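One structure is given here, and the rest of the page talks about it.
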Amino acid sequence: MDDALHGLCQPLTVLQCRLAMGELIGGQDAMRTAIAEALVECTRVNLAVSLMREMLQHELQKDRDGQERTR
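In our numbering, the protein residues as written are 33 to 103.
Dropping the structure here:
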C-alpha cells in the first residue's frame, strides 16, 4: 500500500506542474481561474496522500515494535 500511495504522488505532482505552466502561458481569465482552482485541489490531494502515507508508516512501525517485544 505504501508503494501505491507513493505512486499517486508523482502523477499528481506532474499534473500540478503542468497546470502551473498552463497558468503562466494561458491568456483567458476563465482558463486562468480554472487552472488556479485545479492547482489548489492538486495540492490538497497531494497533502492527503502524504498524510495517508505517514499514517501507514506509523502503523507499520507500531506493528514492528510489537513483534519485537513478543520475541
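No residue lacks a Cβ here, since even glycine has one placed at the ideal position from N, Cα and C.
For clarity, every value in this text was computed on a predicted model and none was experimentally measured.
Taking all protein chains shown into account, do 16 or more other C-beta atoms lie within 10 angstroms of the C-beta of C49, making it buried, or fewer, making it exposed?
-> exposed
Assess, as a yes-or-no matter, whether the stretch 49-61 is touched by the stretch 78-90 under the definition of 3 or more beta carbon pairs within less than 8 angstroms.
-> no
Alpha carbon to alpha carbon, what distance is there between Q42 and R85?
-> 13 angstroms
Check Q42 in the structure and name its three-state DSSP category.
-> helix
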